[in-house]
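Please read the structure below before turning to the comments.
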Amino acid sequence: MSRTIFTPPPLITIPVVADEARFAVRRVFCAGRNYADHVVEMGGQVSTTPPVFFTKPASALVSDGHDVPYPRATTNLHHEIELVLALGKPLQQASEDDASKAVYGLATGIDLTRRDLQAQAKAKSAPWAAAKAFDHSAPIGPITPLAGPLGPLAGAIRLSVNGSIRQEGDLAHMLMPPAKLLAALSELFDLKPGDLVFTGTPAGVGPLQRNDVVVGSAHGTEGVRFTVV
Ligand code: MN
């Protein structure tokens, strides 16, 4: 390996359920506006707002059970519970069938959002990077491998704060289901093994405070848990 001028950043990896081997992360993609009830609560119109894509750096991931520091530059940190697709195969301008075969496993993730900065960005038609792609903005649970191709998903996705349910939806209610979402994303980007795709959040997003204990789960995964400090 070539000599480098400073110590290279660490490889970002996530635990895999019942496997000592870990999932090495390449990129983190996120879909926004993928559940009708959340589009409505954010003031949008379902018919005119197909999912949008944005990214977070892999370094934003926080492994299950680790504390999440309340970020600077915001007074309105929001939780968004999401199902995460972990890719094990490349996808480029893929069919939904190929997309369903490329999913290695599923996890629960939280798309933490500086909602005040996002509102400012929206008002100026500016990028969302400061609102979405900050450090520690993506807590994620372990990845549960799939036994076969990803089929249609249904089942609860929910998030509680200090034991009170804040978000509760159903994976079947995604406006663009996972295989279709991956196919659409692969029209824009060359997807590779190690890529993660956050698939959007149902209604009920809201603010977090220091000392809040957040527990999230999506059907078919181990869930995720963290404390805001
Ligand atoms: Mn989101």
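All residue numbers for the sequence shown refer to the numbering used here, where the first residue is -9 and numbers rise by one. Heads up, the beta-carbon is just placed ideally off N, CA and C, and yes, glycines get one too.
For residue i, count neighbouring Cβ atoms within 10 angstroms of its own Cβ and tell me buried if that reaches 16, exposed if not.
i       : result
SER154  : exposed
SER207  : buried
THR64   : buried
SER(-8) : exposed
SER115  : exposed
LYS122  : buried
ARG16   : exposed
ILE294  : The displayed coordinates of the chain run from -9 to 219. Any statement about residue 294 would go beyond what the structure contains.
ASP101  : buried
ALA84   : buried
ALA97   : buried
ARG62   : exposed
VAL151  : buried
Using a threshold of 7 Å, is the CB atom of residue i nearer than that to any non-hydrogen atom of ligand 1?
i      : result
GLU72  : yes
GLY190 : yes
GLY22  : yes
ASP106 : no
ASP202 : no
Smallest Cα separation from residue i: which of the options?
i      : options                         : result
VAL218 : VAL6, VAL15 and PRO59           : PRO59
MET280 : SER127, ARG62 and ALA21         : Outside the shown range of the chain (-9 to 219) lies residue 280, about which nothing can therefore be said.
THR39  : THR45, VAL18 and VAL30          : VAL30
LEU213 : GLY55, ALA111 and SER49         : Reading off the sequence, residue 213 comes out as Gly, not Leu. Selected option, being the one with the closest Cα: GLY55.
GLY194 : PRO0, GLY159 and ILE130         : GLY159
PRO168 : PRO5, PHE188 and LEU181         : PHE188
VAL93  : HIS28, GLN199 and THR134        : THR134
SER90  : GLY196, VAL204 and GLY141       : GLY141
GLN35  : PHE43, TYR25 and PHE44          : TYR25
GLY99  : SER53, LEU175, PHE43 and PRO139 : SER53
Which full runs of the alpha helix (DSSP H) of 4+ residues lie inside the segment -2 to 78, going along the chain?
26 to 31
Report the residue ranges of all beta strand (DSSP E) runs contained in full by the segment 76 to 127; include only those spanning at least 3 residues, in chain order.
93 to 100
Runs of 4 residues minimum, wholly inside the segment 150 to 205: which ones carry the alpha helix (DSSP H) assignment?
168 to 178
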